[in-house]
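In the numbering used here, the protein residues as written are 218 to 532.
Note that beta-carbon positions come from the ideal geometry of N, C-alpha and C, so glycine has one too.
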């Protein structure tokens, strides 16, 4: 990553199977296109982007509430309600300074993207960046407080979180416009993939009147962030972000969801409607480790290899 002109294709190939923790923050910024591949441009780029974000805070956030439009106030109120519910089990996300940080990031992104605005689920997508970037700054010691960081370091991490979230969302904005057509397509593609790969399971779900939208919409909306522990999502996103041009957030994610269903296929075949709903909305991943994620990614890759070229089943 210290090459004068980084080979991004090589970086993606190396990162796909997982990134060493001490390199992950920088690698993610490069994979997302937040940092340029040219080494000499990185420091000036960071300075420029962080300066722009400071300007956004002054223009959009640090204003008298009376200056907000009715729609802007509605967005702000929804974000303020959602932020305390974001990763409530993790002390990091319950710190006041962190909740203020997340509120600013989400509100400014939403105001700058009026076609989408704020949609519940976007708050979840910011959490891997916060967990990773602030975690690095705290030396992975989450007994420390984000308030222990000096103001400049805290601001720089917040700005980087904003820009990385923005880059992440660039390719999936149709997930969050009216009627969320991107998510609807992904759920449909998942259903068709299970139909093709595991027809008995597909038929069992259908015979029990279970619609994929009842459990898979959240899987797509939050990219499994509510199904898999955050420290393991970080490893999964190594692969997603290494896919290039955001297909990992749509295409490979569908195969990952299919692999997750397949993992429990034999159990699911024994459940009735109510049991299916409960199980699929509460996948038992709380005791998973990195090896479980590696296995999930491997199975997703196998499914992709089997079905990616047969695109007709996913249209």
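Problem - Given residue 533 as reference, the closest of 502, 270, 241 and 390 once Cα atoms are compared - result: Not covered by the structure: residue 533. The range shown for the chain is 218 to 532.
Handout entry: Identity of the residue in 475, 345, 272 and 350 nearest residue 416 by Cα
Key = 475
Handout entry: Classification of residue 315 by the beta-carbon crowding that lies within 10 angstroms, buried from 16 upward
Key = buried
Problem - For residue 499, the nearest candidate out of 432, 250 and 247 (CA to CA) - result: 432
Exercise for the section: Report the rounded CA-to-CA distance for residue 253 versus residue 384, giving the unit in angstroms. Expected result: 13 Å
Handout entry: Option in 321, 356 and 526 with minimal Cα separation from residue 275
Key = 321
Practice task
Could you spell out the range, first to last residue, of the alpha helix (DSSP H) harbouring residue 480?
Solution key: 468-480
Handout entry: Distance between beta carbons of residue 354 and residue 370, contact taken as under 8 Å
Key = 6 Å
Exercise for the section: Give the DSSP-derived three-state secondary structure of residue 222 in the structure shown. Expected result: strand
Problem - Alpha carbon of residue 284 to alpha carbon of residue 263, nearest angstrom - result: 30 Å
Practice task
Find out if the Cβ-Cβ distance for the pair residue 245, residue 453 is shorter than 8 Å.
Solution key: no
Handout entry: Those residues which DSSP pairs with residue 304 across a bridge
Key = For residue 304, which the question treats as bridged, DSSP gives no partner whatsoever.
Handout entry: Residues near residue 436 by beta carbon distance below 7 Å, same chain, minus five either side
Key = 444 and 474
Practice task
Return helix, strand or coil for residue 426, following the three-state DSSP convention.
Solution key: coil
Handout entry: Burial state of residue 356 (16 or more Cβ within 10 Å)
Key = exposed
Practice task
Taking residue 583 and residue 249 to be in contact with their CB atoms under 8 Å, please state how far apart those CB atoms are, rounded to whole angstroms.
Solution key: Summary: the structure shown does not reach residue 583, with the chain confined to residues 218 through 532, and so no result is reported for it.
Exercise for the section: Classify residue 506 as helix, strand or coil using the three-state DSSP reduction. Expected result: coil
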